[in-house]
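**Q** These protein sequences, in sequence, are chains A, B, C and D. Note that the first sequence covers residues 8 to 316 in the numbering used here. Note that the second sequence covers residues 8 to 316 in the numbering used here. Note that the third sequence covers residues 28 to 621 in the numbering used here. Note that the fourth sequence covers residues 28 to 621 in the numbering used here. Where is the CB? At the ideal position from N, CA and C, for every residue including glycine. Handing you this structure, nothing more for now.
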Amino acid sequence: MPGADGTTSASRNGRKDTQGLTVRSFANHVKPTWCPGCGDFGVLTALKQALVQLEIWPHEAAVISGIGCGSKIVDYMRINGFMTLHGRPLAVATGVKLANPSLHVIVVNGDGDGYGIGGNHFMHTARRNPDITHIVENNQIYALTKGQYSPTSDRGFKTSTSPDGAAELPVNPLLLALACGATFVARGFAGEPKHLASLIAAGIRHKGYALIDVLQPCVTFNKVNTYEWYAERIYRVDEETGYDPADFDAAWRMAQQWGDRIPVGIIYQREGIPSYEEFVPALKEGPVVHQPFAKVDEAVFERLKLEYT
Amino acid sequence: MPGADGTTSASRNGRKDTQGLTVRSFANHVKPTWCPGCGDFGVLTALKQALVQLEIWPHEAAVISGIGCGSKIVDYMRINGFMTLHGRPLAVATGVKLANPSLHVIVVNGDGDGYGIGGNHFMHTARRNPDITHIVENNQIYALTKGQYSPTSDRGFKTSTSPDGAAELPVNPLLLALACGATFVARGFAGEPKHLASLIAAGIRHKGYALIDVLQPCVTFNKVNTYEWYAERIYRVDEETGYDPADFDAAWRMAQQWGDRIPVGIIYQREGIPSYEEFVPALKEGPVVHQPFAKVDEAVFERLKLEYT
Amino acid sequence: MTDLSITIGGDAGQGVESSGSTFSLASLRSGWNVFSIQDYRSRIRGGHNFYQIRVASREIRSHSDPVHLLLALTKESIDIHLANLAPGAGILHDDSLRPDEEAARAHGAHFFPMPFTEIATRHGNRVMTNTAAVGAGAGLLGLSLDALKSVIAERFSAKGDKVVESNLAVAEEAYNLALKRYQGTFQHSLNGRVPPRSERRSRTPGPMLISGNEAFALGAALGGCRFVSAYPMTPATTIFEWLVKREKQLGIVTKHAEDEIAAICMAIGAGYAGARALVPTSGGGFSLMVEALGMAGMVEVPVVIAEVQRGGPSTGLPTRTEQGDLLFALHASQGEFPRIVLAPGTHEEYFEAGWRAFNLAEKYQCPVIVLADQFLAASLSTIAWEALSFQSVRRDRGQLLTGQELDAFDNGEYRRFKLTPTGISPRALPGHPKAVYTVVTDEHDEEGHITEAIDNRVAQMDKRMRKLEEARKEMRGPKRYGPKDAELTLICWGSLAGPAVESLPLLEAQGVRANVLHFSDIWPFPVQEAEKALQAVKRAVAVEQNYTGQFARLLRMCTGFSVSRIIRKFDGRPFSPQQIATACLEEVAQHARS
Amino acid sequence: MTDLSITIGGDAGQGVESSGSTFSLASLRSGWNVFSIQDYRSRIRGGHNFYQIRVASREIRSHSDPVHLLLALTKESIDIHLANLAPGAGILHDDSLRPDEEAARAHGAHFFPMPFTEIATRHGNRVMTNTAAVGAGAGLLGLSLDALKSVIAERFSAKGDKVVESNLAVAEEAYNLALKRYQGTFQHSLNGRVPPRSERRSRTPGPMLISGNEAFALGAALGGCRFVSAYPMTPATTIFEWLVKREKQLGIVTKHAEDEIAAICMAIGAGYAGARALVPTSGGGFSLMVEALGMAGMVEVPVVIAEVQRGGPSTGLPTRTEQGDLLFALHASQGEFPRIVLAPGTHEEYFEAGWRAFNLAEKYQCPVIVLADQFLAASLSTIAWEALSFQSVRRDRGQLLTGQELDAFDNGEYRRFKLTPTGISPRALPGHPKAVYTVVTDEHDEEGHITEAIDNRVAQMDKRMRKLEEARKEMRGPKRYGPKDAELTLICWGSLAGPAVESLPLLEAQGVRANVLHFSDIWPFPVQEAEKALQAVKRAVAVEQNYTGQFARLLRMCTGFSVSRIIRKFDGRPFSPQQIATACLEEVAQHARS
Ligand SMILES: Cc1ncc(C[n+]2csc(CCOP(=O)(O)OP(=O)(O)O)c2C)c(N)n1
Ligand SMILES: Cc1ncc(C[n+]2csc(CCOP(=O)(O)OP(=O)(O)O)c2C)c(N)n1
Ligand code: SF4
Ligand code: SF4
Ligand SMILES: [Mg+2]
Ligand SMILES: [Mg+2]
């Protein structure tokens, strides 16, 4: 039963009705404008599947995106969605989470959005560790603006803004997340939505910040890193014998692999670390959006005024 | 002999007159407003010494700073100085360097400036690798704004904005720089200006982006990380037997040390990597600030117009 | 009528600030009305700082020139403040300083040397020199010793009993010595002039002495602020620090963010989720918030921004005052969307803006900017206990749908951006099964989905902008101070209310009948009320703490009305009533000549 | 006089853009004057897009309604554009489409079905359907087949001979078939109307067909641009891409930065070092540049920002046009400092702004903002070869000291922020031993050092703001188009010059004698010239591509002048001359009634 402020969710009062929850529960009437074959379709499918797996209803999650092809995802599903600004969804999501931690907060954005213009929020959110799941549709290109090189474009990648090939060392998002102290670092592939769904579900389940970098083919502007290109190279770390995602040093080495062999799966996970919300005193009594104004009453006010006499 | 545009430096035409160059060559009439005992004095001394060591005259270097106590350094020395905006000196410096690579470009800023608000430029400059030396006066506090916790404040550090102690994992600048692919990563201590000067000199000599994180005691607002605190903990990596700064994995482990033992010195250096300027076609013929306008003449113009007929 | 000004001057790091606030509060507790300002540089140590305290028997609204008593902690303070001393002013200083007697005599000032350092070191240590000065000043002026001691005891209590006792001893000895040595010789002493209004010295409700930022933060807390995110920036930092300090008591989530972009984005996220969210900053930080401001406007999320102006442009004069960001705040961000801008004139109005801004933000579902400045933010003003009243505070969430109301909706019926006559679409917060919707910063339809259709675009633009017309109805016109039939009207806005109003008696004394029209509700501009008020104006000057007369230009843009002259100040120091009066008299004289 | 409009409509991804530009250039090479606009959505595939091409015998300055020939690649295009067709218009479409003949007849339009897909697949593949449509359109209209083939050959040359040949074959067959089938039935055919102005079909100098952004980039390159840093943002990206593509030829450092803050900071760094530096962006990116804009103002570093406006607020209508950022650009950033704002009205003026902005930036040592918009940026206009002349381009670096001049200075003599009567301080670049100085964004003295002294503050503020008065002297007043003694004056700014001027003959035809006052130099506002021009105005309307009539409000602020009506459009689609004329006629009618 929703509270007086209308913000509550079924999960708030403990009762949880998941009967009838299917991927169709997340469907709306909007037809995606993505190019046929775009990897973003795989991400959309995987996200819906993960939510169904975790029995999270549309009103219990908030999906915050940025600006870019992939960020349009919130327009194509029935969910509390917020398409914000280019590069800013993590900051907006942090505000949502800290105001109402009862929502499952998920960020979806592109590589330009997440690692380029949004790099500072990425770095600081990773070390801050709020309970936010961060899915980056990494197509190694600025797609919506029609094909400029991105921070993850490989060296030598030619675009309208890198006619002689990208000269900068690409961002390695996994390594960066590890260096920032992220407690969950994974990589998925849009061409394998089922596996991706399992990673997203693990990320949502994980308490704290979870990065899921998704290899997402852009069939229109990235003619190098195609489905085939990725498919030929990826392998699953959970199928490697002896790989332990709790081993930081192993993760560090694994995260550096790129090129002929590209690992996908949970690269690193450290459990039992408190998420940022647990340090916030005002959240001790539950989400602040559920706190009545009456908390600050006349007696409190008079006490505050007394400080100035 | 300066060129017609007045931008040239002695180094441009190969002749270099270093007679009479001393630290006093970098002195001006401004009395620093830093608190007595502030670690920034050590940085100022070290920077001047490094320039003298390298025989760089005031007009041959540009020091670009941000906003904060330490960033005032450019006001306290005779140099081409530019105190920019909070968090932005690396971006400004990149512009300076790409327009006139004949200048030695050095950035000096604080930990809030460099790793907080300026974090995105830090990350991208490190992987871009322009020939810029970046000195961060890391006092683990926002000093000029009177004592709020900074991205490098240790967990539990109490300030006016972290009354219960900082809850976030601090930024580890060395690790971050390594994750971004920086080719020179060092740590110095403001209490040992001579050693610091040698690190700065090595950083300037290094071709490409060089980070020198400086442990800089703030005697007024940081009562935890004092001269004594640092002095008790630091040790020099070049005195460790067998430490090889060219070994990336060793550097990665070394960079993670913090607490009881804090390494200072050159943590990592990889030589022989081209700096970003070398990839810029327009710089093939020298600094663009020295190129005459006449380059784009009537013939070029007519050719360009023809594209539209 | 008693009306005296005291200046405490010294180097940064000498405790000028704490001395000033101690002296101010001791004056209040001695029964006087007090108004204090602080003047300091953007550095931590060194350089001249001062505190200027005005003590009067009547209600006062600003500091005032000239100064009657100078507590000089350095020789430099004497040199600097001499020119601003009143005839017969006293200069209390350590006897080790060797001031230039000649120059002082020319100003009719008297020196009162005192063994500050000696007293301080005897009872404690050198650091307490400023306590000695404060004690002596209080004695010479005739403040209540008990009042002073109560303030000192409280201020030093955190440092332990020993420190408290030493300071009390220092203050008391200096107080008595100053009285003994100089009683009778200092002509501006308060003793026996007007009996202290009350003998309140303990912490029972009495008049308050509060800074603007404190009053605002208090107002915000009362207004139901639930979230504040910020990046430190003078002179707004104290709002954030005030709320952080009380986060547990008030139940407010506070977040020191990585930069200002994150700060406002977090607040917008919190506002979207349903928390009343605040972002305090100054002009430089606001510059970084511009893009997100437009986002809040487009997705119709309430958020309150306290933009505490300081001297610009760019880093400018970081610790000083200016009203240089008015037209910037009004037009910041690409494209057009509703925003509300308030510029409180007094500490009471700043308090009110603290809660009123949230009501406006939620009623009109748009960003609200409270434009203050360093002068308003950092000055201490005396406010009657009753003037900040709990009953006055209203918390109106506008058309926020309750859970019960939403329960009654059919599935898919709720439309977040429904077209309505007022432009206000009933708002549902995320978390309710009947109100699952997406908001996007692209143009969108009533449900929130992206569309570029022409009709929808026009309808949604009209809808959003209608809210501005709706809000305009409750924007307050200018407040008139002084006679209706004045020959000269001083038009001002924001923090200048106090100095402008206090210049009226000075003008009156010079035979000029003037009044003040003060604007505090700036946007949407209260055009009709302004035009009505302007009809009665015979001749107008604008008084502004900026270079180009931004409000005068805005007024012309909105009403066509032109002032005869813009009285400007842009050196970072606040206008005093005397400076305003002088400039007005010039204008009157020039007008008479022409 | 021939004056026809052609629309090519289809889905995103169907090649509407390349068809449109091919058709446009073929029209130019056939001897006609051409003006084209493109309408597309913020998505990569799907959704209706169109290209509108106007072909005329006289000089034209904007697109025009209604449309005489529609090349429909989808059925949807027919539905959408039917309402905008002229009587007797033709609709060329693939014979597989089954259009609604009834509706078309009601509009007096004729269907011309063609086997586009069949021709395309026979000579090449389905993708060439649009080439077939273009060929048929060219044939029906009567463009030169040779001209069309020369364009196609060039456009496809990068894809290899086979692709070129197939496309040529497709175009030629469709051209001839359309001629054969429908010659005579299409009443708007150009054939035999006016002989093509010239037979120029090869690449010898002739009239150019160029987009605004290309013209601007060309102007910037000619103006000595040495540095451009940007972050991609529609509709400014093409300026950056144009310069990147030619970076070697022109010797320009180009940098795709990590974000817009970095982009402008890099440009300011380059400007400080002595390079003419440019940052192209749109409103959202400009929002992020606001803080650095103030830095450039404060440290007096020249930098040029091309702000190409699009539909706002926030992400808004990213691929569409608007003039919504005027007051934002004028007031962006905290505090007050000189800036110059240009808003070119035509492609030629936009070209000129490309080099003139650098001169102004260096002369007045301040940021210069060129305010364009998607309409000006992306529309293709016919420009005479001579109109963009090398001789017209001047490169004036203002008071930039040469090395020789600096050699003559004494040590320590050079003062970067020297007080001068004009406010302009001779500038030395870093790198010379006689000119070692520091610049800071805090207030500073003549040497550049931080100081908070009052006198210096006032002197430096005055100095900086004096530059604005100096610059005002060379700001151009409004340009009048049309008769001096008009009964109605259309006031506009920026990209609306073309559509407004083209509305004059339409008004004339309805018996309304009107003229246009067009402002392109916006700030510092040319007050005197504006007032002079306004004296002759009998009745004025403002025509603006925004919601609130920003220029009309600015005009009132600066001159007190009020327009009678603001003709607004804010749906992201550019004003056509017809729409402006219609709104003006309404105003005239209403005025007559009242
Ligand atoms: C402040 C700002 N700058 C630039 C843009 C233009 N822009 C829109 S999407 C985009 C980049 C898209 O790349 P990415 O984030 O990788 O997403 P993708 O389209 O590849 O999914 C850019 C630069 C913007 N919307 N806002
Ligand atoms: C955009 C912006 N935000 C905030 C500030 C206020 N500010 C000045 S210095 C500073 C932080 C100083 O910390 P740091 O960079 O560590 O330098 P320090 O003073 O410790 O040397 C801040 C937040 C500013 N000048 N500009
Ligand atoms: S352009 Fe690329 S990323 Fe965008 S929708 Fe098409 S395939 Fe996907
Ligand atoms: S406050 Fe700290 S960092 Fe700043 S000058 Fe003083 S000691 Fe140095
Ligand atoms: Mg991408
Ligand atoms: Mg610091």
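Taking only beta-carbon atoms, is residue 279/C less than 8 angstroms away from chain A?
**A** Against the third sequence, residue 279/C aligns to sequence position 252. Yes, its Cβ sits closer than 8 angstroms to a Cβ of chain A.
**Q** Would residue 158/B and residue 284/B be called neighbours here (beta carbons separated by less than 8 angstroms)?
**A** Here residue 158/B refers to the residue found at position 151 of the second sequence. Here residue 284/B refers to the residue found at position 277 of the second sequence. Result no, Cβ atoms of residue 158/B and residue 284/B do not sit closer than 8 angstroms.
**Q** Can you check the stretch 68-134 of chain D for any alpha helix (DSSP H) of at least 4 residues that lies completely inside it and give the ranges in chain order?
**A** As far as the stretch 68-134 of chain D is concerned, its whole alpha helix (DSSP H) runs of at least 4 residues are 102-108 and 128-133.
**Q** When Cβ atoms are compared, which residues of the stretch 564-577 of chain C fall closer than 7 angstroms to chain D?
**A** If the cut-off is 7 angstroms between Cβ atoms, the stretch 564-577 of chain C has 573, 574 and 575 near chain D.
**Q** Which residue marks the beginning of the alpha helix (DSSP H) containing residue 55/A, and which one marks its end?
**A** In the first sequence, the residue the question calls residue 55/A occupies position 48. It spans 47-60 - the alpha helix (DSSP H) in which residue 55/A sits, taken as one unbroken run.
**Q** Measure from the C-beta of residue 479/D to each C-beta in chain C and report whether the shortest distance is under 8 angstroms.
**A** Start at 1 with the first residue of the fourth sequence, and residue 479/D comes out as number 452. So, interface residue.
**Q** Is it the case that the CB of residue 258/C approaches a heavy atom of ligand 2 more closely than 7 angstroms?
**A** One-based indexing of the third sequence puts residue 258/C at position 231. The answer is yes for residue 258/C.
**Q** Just grab the DSSP bridge partners of residue 592/D for me.
**A** Residue mapping note: residue 592/D aligns to position 565 of the fourth sequence, counting from 1. DSSP output for residue 592/D lists 568/D as bridge partner(s).
**Q** So is residue 205/A in contact with chain D if we call contact Cβ pairs under 8 angstroms?
**A** Taking the first sequence and counting its residues from 1, one reaches residue 205/A at position 198. No, residue 205/A lies away from the interface with chain D (no Cβ there is under 8 angstroms from its Cβ).
**Q** Whose C-beta lies closer than 7 angstroms to the C-beta of residue 238/B among residues of the same chain, with five residues either side of it excluded?
**A** Locating residue 238/B in the second sequence gives position 231, counting from the first residue. Cβ neighbours of residue 238/B beyond the five flanking positions: 198.
**Q** Counting only beta-carbon separations shorter than 8 angstroms, does residue 333/B have a partner in chain C?
**A** Only positions 8 to 316 of chain B appear in the structure, and residue 333/B is not among them; the question remains open.
**Q** Is the beta carbon of residue 456/D within less than 7 angstroms of some heavy atom of ligand 4?
**A** On the fourth sequence, residue 456/D is found 429 positions in, with the first residue counted as 1. False, no ligand heavy atom lies under 7 angstroms from that Cβ.
**Q** Any chance the CB of residue 560/C is under 7 angstroms from a heavy atom of ligand 2?
**A** As a first step, residue 560/C must be located in the third sequence, where it is residue number 533. No, the beta carbon of residue 560/C sits no closer than 7 angstroms to any heavy atom of ligand 2.
**Q** Using a beta-carbon distance below 8 angstroms, is residue 288/B in contact with chain A?
**A** Start at 1 with the first residue of the second sequence, and residue 288/B comes out as number 281. Yes, residue 288/B counts as interfacial toward chain A.
**Q** Let's see if you can read the secondary structure: which residues bound the beta strand (DSSP E) around residue 409/C?
**A** The count along the third sequence starts at 1 and reaches residue 409/C at position 382. From DSSP, the beta strand (DSSP E) with residue 409/C extends over 407-410.
**Q** Is the distance from the Cβ of residue 643/D to the Cβ of residue 369/D below 8 angstroms?
**A** Because chain D spans 28 through 621 in this model, residue 643/D falls outside it and cannot be assessed.
**Q** Measuring straight from C-alpha to C-alpha, what distance separates residue 555/D and residue 528/C?
**A** If you number the fourth sequence from 1, residue 555/D lands on position 528. If you number the third sequence from 1, residue 528/C lands on position 501. Taking the straight line joining both Cα atoms gives about 36 angstroms.
**Q** With a threshold of 7 angstroms (Cβ to nearest heavy atom), would residue 47/A be considered close to ligand 3?
**A** Taking the first residue of the first sequence as 1, we reach residue 47/A at position 40. Yes, the Cβ of residue 47/A comes within 7 angstroms of a heavy atom of ligand 3.
**Q** So is residue 532/C buried or exposed if we call it buried at 16+ other beta carbons inside 10 Å?
**A** Along the third sequence, one-based indexing puts residue 532/C at 505. Its Cβ having fewer than 16 others within 10 Å, residue 532/C is exposed.
**Q** State buried or exposed for residue 275/D, treating a residue as buried only when at least 16 other CB atoms are found within 10 Å of its CB.
**A** In the fourth sequence, counting from the first residue as 1, residue 275/D sits at position 248. By the neighbour-count rule (16 or more Cβ atoms within 10 Å), residue 275/D is not buried but exposed.
**Q** Going by DSSP in three states, residue 416/C sits in which element: helix, strand or coil?
**A** Taking the first residue of the third sequence as 1, we reach residue 416/C at position 389. Residue 416/C: coil per DSSP, three-state reduction.
**Q** Does residue 393/C come within less than 8 angstroms of chain A when only Cβ atoms are used?
**A** Taking the first residue of the third sequence as 1, we reach residue 393/C at position 366. Judged by the 8 angstroms Cβ criterion, residue 393/C is not in contact with chain A.
**Q** So what's residue 71/A in DSSP terms, helix, strand or just coil?
**A** As a working mapping, residue 71/A is identified with position 64 in the first sequence. The answer is strand: DSSP assigns residue 71/A an E or B state.
**Q** Rounded to whole angstroms, what is the Cα-Cα separation between residue 176/C and residue 156/C?
**A** Taking the first residue of the third sequence as 1, we reach residue 176/C at position 149. Taking the first residue of the third sequence as 1, we reach residue 156/C at position 129. Each residue's alpha carbon lies about 16 angstroms from the other.
**Q** Cα separation between residue 174/D and residue 488/C?
**A** Stepping through the fourth sequence from its first residue, residue 174/D is reached at position 147. Stepping through the third sequence from its first residue, residue 488/C is reached at position 461. Looking at the two C-alpha atoms, the distance is approximately 45 angstroms.
**Q** Looking only at C-alpha atoms, which of 364/C, 360/C and 384/C sits nearest to residue 371/C?
**A** Along the third sequence, read from residue 1 onward, the residue named residue 371/C stands at position 344. The candidate whose alpha carbon is nearest that of residue 371/C is 384/C.
**Q** Report the residue from 91/D, 506/D and 621/D whose alpha carbon sits nearest the alpha carbon of residue 519/D.
**A** As a working note, residue 519/D is residue 492 in the fourth sequence. Per the Cα distances, 506/D.
**Q** On the DSSP bridge assignment, give the partners of residue 89/B in chain order.
**A** Indexing the second sequence from 1 puts residue 89/B at position 82. Its beta-bridge partners are 71/B and 466/D.
**Q** Cβ closer than 7 angstroms: which chain A residues qualify as neighbours of residue 271/D?
**A** The residue given as residue 271/D occupies position 244 in the fourth sequence. Those are 167, 168 and 170, listed as they occur along chain A.
**Q** Under DSSP, the alpha helix (DSSP H) around residue 236/C begins and ends at which residues?
**A** Taking the first residue of the third sequence as 1, we reach residue 236/C at position 209. Where residue 236/C is concerned, there is no enclosing alpha helix (DSSP H), although the beta strand (DSSP E) it sits in stretches over 235-238.
**Q** Assuming residue 243/D contacts residue 399/D (C-beta within less than 8 angstroms), just tell me the rounded distance between them.
**A** Counting from 1 along the fourth sequence, the entry for residue 243/D is found at position 216. Counting from 1 along the fourth sequence, the entry for residue 399/D is found at position 372. The Cβ separation is near 7 angstroms, so the contact holds.
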